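J.: Can you read through this structure? Questions will come right after.
Residue numbers (this note's numbering): 145 to 301.
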């Protein structure tokens, strides 16, 4: 547990440094086998990229470091409660656990909570704030996209 505290403190220090530079107060570290393999701070304000969350940037750096899209066996330590996008990315990457220091409740008075987004995503598609539609369009002169992809994969391309 003491090691987890150290990793969380490192993420919080990244967040403090980022906030002092005019960025958003979020930092994250990716750990594997007790070692930090990647770290990042939120870059939304410096890049104008709404996906430049600390967790996503740390995941990208960890994947590059390991040379793999799989981060199985890795843990993420984040200064704040990861948003649904970051949680989904961690799951897709195979991250085994995430620990965060500041909750959505801690961030709410400062406009830093994603609790409403979590609640919206829990609703059926038809009830969410963003319109979501399935439109099964296909190209008449091309094979089924997924069949084509699987065939290409099996051919080793």
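All C-beta atoms in this analysis are idealised placements derived from N, C-alpha and C, irrespective of residue type, glycine included. Small disclaimer: the values here were computed from a predicted structure and weren't measured.
So, for residue 265: in the same chain, excluding its five sequence neighbours on each side, which residues have a beta-carbon less than 6 Å away from its beta-carbon?
T.: Here residue 265 refers to the residue found at position 121 when the chain shown is read from its first residue. Taken in chain order, the residues that qualify are 228.
J.: Do residue 184 and residue 198 have their C-beta atoms within less than 8 Å of each other?
T.: Position 40 of the chain shown, counted from the start, is the residue given in the question as residue 184. Position 54 of the chain shown, counted from the start, is the residue given in the question as residue 198. Cβ distance < 8 Å, so residue 184 and residue 198 count as in contact.
J.: Return the CA-CA distance between residue 260 and residue 222, expressed in angstroms with no decimal places.
T.: Counting from one through the chain shown, the residue named residue 260 turns up at place 116. Counting from one through the chain shown, the residue named residue 222 turns up at place 78. Distance between the alpha carbons of residue 260 and residue 222 is about 19 Å.
J.: If residue 210 and residue 187 are in contact, beta carbons under 8 Å, what's the gap, nearest whole angstrom?
T.: Counting from one through the chain shown, the residue named residue 210 turns up at place 66. Counting from one through the chain shown, the residue named residue 187 turns up at place 43. Not quite, the Cβ-Cβ distance comes to about 21 Å (not below 8 Å), so this is no contact.
J.: Quick check: the Cα distance between residue 172 and residue 273, rounded to an integer number of angstroms?
T.: For this step, residue 172 is matched to residue 28 along the chain shown. For this step, residue 273 is matched to residue 129 along the chain shown. Using only the alpha carbons, I get a separation of about 29 Å.
J.: Measure the beta-carbon distance from residue 232 to residue 215 and round it to whole angstroms, keeping in mind my assumption that it falls under 8 Å.
T.: Residue mapping note: residue 232 aligns to position 88 of the chain shown, counting from 1. Residue mapping note: residue 215 aligns to position 71 of the chain shown, counting from 1. Actually they do not touch by this definition, with Cβ atoms about 13 Å apart.
J.: Compare the beta carbon distance of residue 245 and residue 155 with 8 Å and say whether it is the shorter of the two.
T.: To locate residue 245, count along the chain shown from 1; it is residue 101. To locate residue 155, count along the chain shown from 1; it is residue 11. Cβ distance < 8 Å, so residue 245 and residue 155 count as in contact.
J.: Exposed or buried, what is residue 167 when buried is set at 16 or more other beta-carbons lying within 10 Å of its beta-carbon?
T.: Stepping through the chain shown from its first residue, residue 167 is reached at position 23. So residue 167 counts as buried.
J.: Please classify residue 194 as buried or exposed, where buried requires at least 16 other C-beta atoms within 10 Å of its C-beta.
T.: Within the chain shown, residue 194 is the residue found at index 50, counting from 1. Result: exposed.
J.: Does residue 239 come out as helix, strand or coil in the three-state DSSP assignment?
T.: Counting from one through the chain shown, the residue named residue 239 turns up at place 95. Coil.
J.: Quick one: what's got a C-beta closer than 8 Å to residue 269's C-beta in the same chain, skipping five residues either side?
T.: Residue 269 sits at position 125 when you count from the first residue of the chain shown. Here the set comprises 276.
J.: Assign residue 224 to buried or exposed, taking buried as 16 or more other Cβ atoms, counted over all protein chains shown, within 10 Å of its Cβ.
T.: Here residue 224 is taken as the residue at index 80 of the chain shown, counted from 1. It counts as buried.
J.: Rounded to whole angstroms, what's the CA-CA distance from residue 160 to residue 153? Just pull it up for me.
T.: Residue 160 sits at position 16 when you count from the first residue of the chain shown. Residue 153 sits at position 9 when you count from the first residue of the chain shown. Between residue 160 and residue 153, the C-alpha separation is close to 10 Å.
J.: Can you tell me whether residue 240 is buried or exposed? The criterion is at least 16 other CB atoms within 10 Å of its CB, across all chains shown.
T.: Residue mapping note: residue 240 aligns to position 96 of the chain shown, counting from 1. Residue 240 comes out exposed.
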